[in-house]
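Participant:
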Amino acid sequence: MYFNIINIRNNIIKLSLKLVQLYDKLIYTEYLFIYILSIFVGILTGFAEVFLKYLINVFSKLFFIGEGKTILDRITNSPWYIVLLIPVIGIVLSQIINLLFFKKSRTHGVSQVIESIVLKNGYIKPIAPWLKALATSITIGAGGSVGPEGPAVFLGAGIASTVSQLFKANSMRTKTLVAAGAGAGIAAAFNAPIAGALFAIEIFLMDFKFQQFSVIVIATVMATFVSRSLTGDLAVFQSSVYHLTSILEFIWFGL
Numbered sequence: 062m063y064f065n066i067i068n069i070r071n072n073i074i075k076l077s078l079k080l081v082q083l084y085d086k087l088i089y090t091e092y093l094f095i096y097i098l099s100i101f102v103g104i105l106t107g108f109a110e111v112f113l114k115y116l117i118n119v120f121s122k123l124f125f126i127g128e129g130k131t132i133l134d135r136i137t138n139s140p141w142y143i144v145l146l147i148p149v150i151g152i153v154l155s156q157i158i159n160l161l162f163f164k165k166s167r168t169h170g171v172s173q174v175i176e177s178i179v180l181k182n183g184y185i186k187p188i189a190p191w192l193k194a195l196a197t198s199i200t201i202g203a204g205g206s207v208g209p210e211g212p213a214v215f216l217g218a219g220i221a222s223t224v225s226q227l228f229k230a231n232s233m234r235t236k237t238l239v240a241a242g243a244g245a246g247i248a249a250a251f252n253a254p255i256a257g258a259l260f261a262i263e264i265f266l267m268d269f270k271f272q273q274f275s276v277i278v279i280a281t282v283m284a285t286f287v288s289r290s291l292t293g294d295l296a297v298f299q300s301s302v303y304h305l306t307s308i309l310e311f312i313w314f315g316l
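For the sequence shown, this note's numbering begins at 62 and goes up steadily by one.
#1: Do you know how far the Cα of F162 is from the Cα of G246?
#2: Whose CA, out of L195, L146, S177, L93, lies closest to the CA of N118?
#3: When DSSP labels each residue in this structure, what does E263 get in the three-state scheme?
#4: So within the region 142-205, which uninterrupted alpha helix (DSSP H) runs reach at least 4 residues, ignoring any that extend past its ends?
#5: Would you tell me roughly how many angstroms separate the C-alpha atoms of L180 and G219, rounded to the nearest one?
#6: Out of S225, L160, G211, state which residue places its alpha-carbon closest to the alpha-carbon of Y184.
#7: Considering only C-alpha positions, which residue in the set G211, F271, T131 is nearest to G242?
#8: If you measure between the beta carbons of I279 and S99, is that distance less than 8 Å?
#9: Does DSSP put V207 in a helix, a strand or coil?
#10: State the DSSP-derived secondary structure class of E110, mapped to helix, strand or coil.
#11: If you scan the region 222-253 from start to end, which runs of the alpha helix (DSSP H) of 4 or more residues do you find wholly inside it?
What follows is the structure, given as structure tokens:
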């Protein structure tokens with residue numbers, strides 16, 4: 062009887078150890094799966110952001126007849142009536158797209174991603190980010206006073222949501238991947254992987270784990286790698302060199 066109790070106890074201990082090992086393997090497999098998805102999200106977002114920049118450049122060349130490498134150069138070298146008329150046309154075309162496809166949506170860009178995470182478990186219609194990117198590309202290419210931040214975030218988040226839907230990820234994984242995609246969009250658009258990761262964590266994840274942080278970092282790094290490989294490692298915002306010629310200039314700076 063005594064030996065039977067010892068054998069039963071030993072069997073229970075062995076079974077417990079096997080269950081713990083199985084649990085560890087399942088946890089490892091779970092995070093390995095989402096890590097692999099984050100790599101795909103980062104790569105796809107990097108390509109998407111490069112395409113967004115290309116689209117903006119195409120519309121800029123289409124709208125303005127002036128010569129130049131940048132939008133500002135083309136606007137500067139275009140006739141005055143073109144400069145006055147084209148931005149209006151661009152805004153009208155952009156609003157037509159928004160009214161046709163986003164008339165029920167009260168939020169845009171970053172707020173739209175937050176709404177999808179909080180209210181829809183990260184669900185975003187696959188076509189929506191691309192239509193929004195098209196509308197924004199027209200506006201920016203036409204010289205409108207908007208930036209690519211919102212579309213970059215929405216495009217990355219939309220790609221992540223689509224990947225999650227294809228692989229039937231649960232709500233927690235989907236939310237994490239959507240946040241990672243949004244951060245990857247910022248990282249690729251501004252060549253700033255760390256800023257993209259911190260942006261995603263602060264804005265989209267109120268309560269996060271270390272594994273979620275790793276997923277976001279992987280996505281932002283991969284997106285930046287793709288963007289740099291295709292467009293070069295250049296600073297988004299570049300300032301011209303200015304030399305002070307008189308100490309009196311410091312007086313105006315002080316004011």
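C-beta: ideal position from N, C-alpha, C; glycine also.
Facilitator: Reading off the structure:
#1: 22 Å
#2: Nearest to N118 by alpha-carbon distance, out of L195, L146, S177, L93, is L195.
#3: helix
#4: 171-181, 189-202
#5: 15 Å
#6: S225
#7: G211
#8: yes
#9: DSSP places V207 in coil when its eight states are reduced to three.
#10: Note: E110 maps to helix in three-state DSSP.
#11: 232-251
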